[in-house]
Structure formats: C-alpha cells, structure tokens
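Residue numbers (UniProt numbering): 1 to 400.
Report on the structure given below.
Pasting the structure below:
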C-alpha cells in the first residue's frame, strides 16, 4: 500500500532552496493521520514524474487533492537512538522512511510513502541490555514493542512505570526531513537484460508487443505493451535514487541470477524461502530490489554513466525469467503507472480501460509486502545466512 500524510504547518518547507525547518516537532505532532492512496491523476508527457509536475491524488478514505509533485523526502529522527526513562538498557531507533513530497494547491504539504509515518506501524529496531546479559535485538513495528519487552524477564515491572512505551516514543522522537527536489520514480528492467521467451533468451530491448514470453505461472504469454525510459548522466548524478540495483550472479540463490542483473530500485524480484513463509504465510513473495541492498552481492550500481529502463505489460501481473532470476512484469498500480508518462499511460488505458475505473485494484502475482517488512525480511536472511531463493525442489520438500 501507499500512504499520504499531511505535514504539520508548523514545519517550514522552502521548495526553492530545499531547506526544511521541523521546529523540533515530535513524530506524533509532525504529521496528520495516514490515508491510503487509491489512485493518481498525472498530467504531462514525460516518462517520469518530476518536480513541478501536476499530480492529483485520491484516497480510499474519500479525500481528493490537486497539487504538484516536489521530489523525494526522507523522514528520520534527529538522534540515532532514544533512551526510555527508567529502562536504561532499552534503546529504540526509528527506521528512516523514504517517500515523496507533495504540495497541494492550497499550499499545504504532504508526504507520500510506502509506510505510515506517525503511528504505531512505523518500523523500529530496539535493543535491550539488562543485568549484564548479552544485548537482545528486536526488529518490527512500534506497536509490537511492549509485547516483546514483556517477554523479557525483569522488563515487565519497569514498563509498568513507563506506561505505553510506543506512545512515549511517538511523543518524544523529534523529526528531521531531508528533501531532494530532483526525485523521480521509475519501475522497470535495464537495457541488456535477457528475458526468457518462446524462442529462448532475448535482450529486452529487442522485444515488442505481441512477442511471446515464458511466465512462471501461466506458460507462454504475449506482451501487450512495452515501453522504455532513458536517463542521462546528468539525471543520474542529480538523482541517486534512480540508479539501478545490481544483483550479482548467485546473490539470490544458487546460480540465481545466472548473470549479473540490473533493475530499477522499485522493481520486484521473487523471494522463495522459509523465512518468507514464517513472516507472510507464503513461501513466495515479490520484494523491491532496493530493499535487498543490505545483502551481499546486491548494491546500487554506481559505475553506470547512463541507463535505459524497460517495462512491459501482460494481460495480468506475471513472474518472468530475467537473467535466470524470477522477477515481475509491470504491475499496473498507481506508483508504476505514474512512472511511464502520460502518453504511455494513455496507450495502456486504451488496452486496459478498466485501469481508469475508480477503485480498480490489479491482482498481483504474489504478495507485495511493504518496504518496512521487506527490509525486515532481508535482515533476517542476512542474520541467518539463508539464500533469498531456495531451490524449487527444496521448497516443495520443506513445505511437506
């Protein structure tokens, strides 16, 4: 899901200079309630949404906004950790939330993000050191903190004196906002990626609408639409968040991918593991590549002067084979559709008029966890030394 939260008018934002003064507002007071975005309405012909372009937003709660996209926004706390009174051995660090800055037509500002920013669903890392015992670490939602602490001997009675620890964190954590006016969003493959088709592996730039591609779930399927976006050296230098993610040979699992794979940061790759089963109740999920960068062999590609991204669409969301790894086709959600530009989007709407319908929700090929939960998944894989993709035969035997 994608959320939009109003930014308190007490926070001063200058979009011309990029200067933001949060006036030391706490996390609880810095934002209004988070609402779920139902759809975007973008006008303009560029392939990506850039600073200054008009953008309409509708939420599932019924709000309608007209305004301007302003770039990337990152929320964090002014200090890396927070010590809770009377529990000297407890430190709580709020995980940074990456999102986008939106300016409504009335001059008010909002943050758009994959994670809610001011309630108990925000991600945290907590560490407890008590009575000379080795530190114990918790990663999850703020709402789960008290329950986790109560399971640690000796902590429960102290917590009774503190009260609602999660609420204390929201009241106390002072926010800081980092603004990047050059922010944009693209979701796709990189030129040179080899896609498994009916006639074998083919570079993605050679594919056209009507070509037949091998899918994981539904066999051979025709491409209904394909498009591309080229980003020059100047754009990449100004917008680090647009640099592709390089997944090296074997970084996902045994010989997966079989060649280094380059995808956009938001492009999802398939994870198949017991950890995914425990966290999401499904052995297979789709996770944005950028959420996996804490793992060995998965990093931002800093060495490319320019990049050309490709995205293609089937009759439904599919899992395809790219450089030997299982990855997604274009998922026609609001975030992805806003990245292809108005002309390309109109082409897609001509093929799939139902995408225009208010409240339309595309069915995903696998569960799509939030960025916070995806990072938590990656951390667990790193801590346990487990591959992101176990062999299909092993997955079947484990499931049995």
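Just so you know, even glycine gets a beta-carbon here, dropped at the ideal spot from N, CA and C.
Cβ shell of residue i (< 6 Å), same chain only, five flanking positions each side left out
i           : result
residue 95  : 123
residue 13  : 20, 109
residue 112 : 4, 99, 100, 102
residue 105 : 66, 67
residue 191 : 205, 308
residue 11  : 22
residue 178 : 74
residue 60  : 36, 38
residue 136 : 128
residue 138 : 126, 148
residue 97  : 75, 113, 115, 117
Inter-residue spacing [alpha-carbon to alpha-carbon] between residue i and residue j
i           : j           : result
residue 383 : residue 234 : 37 Å
residue 390 : residue 54  : 44 Å
residue 47  : residue 164 : Residue placement at residue 47 is poorly supported in this model, since its pLDDT is 44, which falls under 50; the coordinates still yield a value, given next. Cα to Cα, the separation comes out at about 46 Å.
residue 292 : residue 74  : 18 Å
residue 396 : residue 16  : In this prediction, residue 396 scores a pLDDT of 44, lower than 50, which makes its location untrustworthy; no coordinate-derived value is stated.
residue 193 : residue 254 : 19 Å
residue 305 : residue 241 : 14 Å
residue 393 : residue 220 : Bear in mind that a pLDDT of 48 at residue 393, under 50, signals an unreliable position, so the number given afterwards is only what the model happens to contain. Cα to Cα, residue 393 sits roughly 22 Å from residue 220.
residue 351 : residue 209 : 12 Å
residue 38  : residue 169 : 30 Å
residue 201 : residue 140 : 40 Å
residue 297 : residue 63  : 42 Å
residue 24  : residue 347 : 46 Å
residue 32  : residue 267 : 30 Å
residue 115 : residue 197 : 36 Å
residue 76  : residue 360 : 33 Å
residue 35  : residue 117 : 11 Å
residue 264 : residue 247 : 11 Å
residue 399 : residue 259 : Interpretation of residue 399 is limited by its pLDDT of 48, a score under 50 that renders its predicted location unreliable; no figure is taken from the coordinates.
residue 27  : residue 270 : 34 Å
residue 385 : residue 344 : 42 Å
residue 353 : residue 311 : 19 Å
residue 231 : residue 245 : 14 Å
residue 126 : residue 18  : 32 Å
residue 8   : residue 321 : 45 Å
residue 57  : residue 71  : 15 Å
residue 143 : residue 167 : 9 Å
residue 134 : residue 92  : 17 Å
residue 2   : residue 314 : 23 Å
residue 243 : residue 40  : 24 Å
residue 337 : residue 236 : 21 Å
residue 207 : residue 318 : 16 Å
residue 229 : residue 188 : 9 Å
residue 417 : residue 195 : Any question about residue 417 goes unanswered here, given that the chain covers just 1 to 400.
residue 356 : residue 261 : 33 Å
residue 175 : residue 280 : 30 Å
residue 227 : residue 180 : 27 Å
residue 145 : residue 199 : 53 Å
residue 222 : residue 252 : 27 Å
Contact with chain B by residue i, beta-carbon distance below 8 Å
i           : result
residue 315 : Note that chain B does not occur in the displayed structure, where there is just one protein chain.
Residues that DSSP places opposite residue i in a beta bridge
i           : result
residue 135 : Paired residues: none, contrary to the question.
residue 389 : 272
residue 141 : 123
residue 11  : DSSP lists no partner for residue 11.
residue 93  : 125
residue 37  : 59
residue 73  : 99, 179
residue 21  : 12
residue 369 : Looking at the DSSP assignment, residue 369 forms no beta bridge with any residue, so it has no partner.
residue 65  : 57
Close-in-space but distant-in-sequence residues of the same chain around residue i (CB under 7 Å, 5 per side omitted)
i           : result
residue 52  : 68
residue 6   : 31, 32, 108, 110
residue 256 : 250, 324, 325, 389
residue 316 : 363
residue 372 : 95, 115, 123
residue 225 : 209, 312, 313, 347, 348, 351
residue 272 : 283, 284, 389, 390, 395
residue 80  : Because the pLDDT of residue 80 is 42, which lies under 50, any placement of that residue in the model is unreliable, and the number read from its coordinates should be weighed accordingly. Correct list, in chain order: 93.
residue 29  : 8
Beta-carbon contacts of residue i that lie in its chain and below 8 Å, excluding the five residues immediately before and after
i           : result
residue 276 : 282, 283, 284, 285, 377
residue 294 : 375, 378, 379, 382
residue 274 : 283, 386, 390, 398
Counting beta carbon pairs with one atom in the segment 285-293 and one in the segment 368-383, are three or more of them shorter than 8 Å?
Touching, yes.
Looking at C-beta atoms only, is the number of pairs between the segment 210-219 and the segment 300-311 that lie closer than 8 Å three or more?
no
Sequence ranges, alpha helix (DSSP H) only - wholly within the UniProt domain "Hedgehog/Intein (Hint)" (187-333), length at least 4
233-238, 274-280
When you compare the segment 321-330 with the segment 370-379, are there three or more beta-carbon pairs, one atom per stretch, that lie closer than 8 Å?
no
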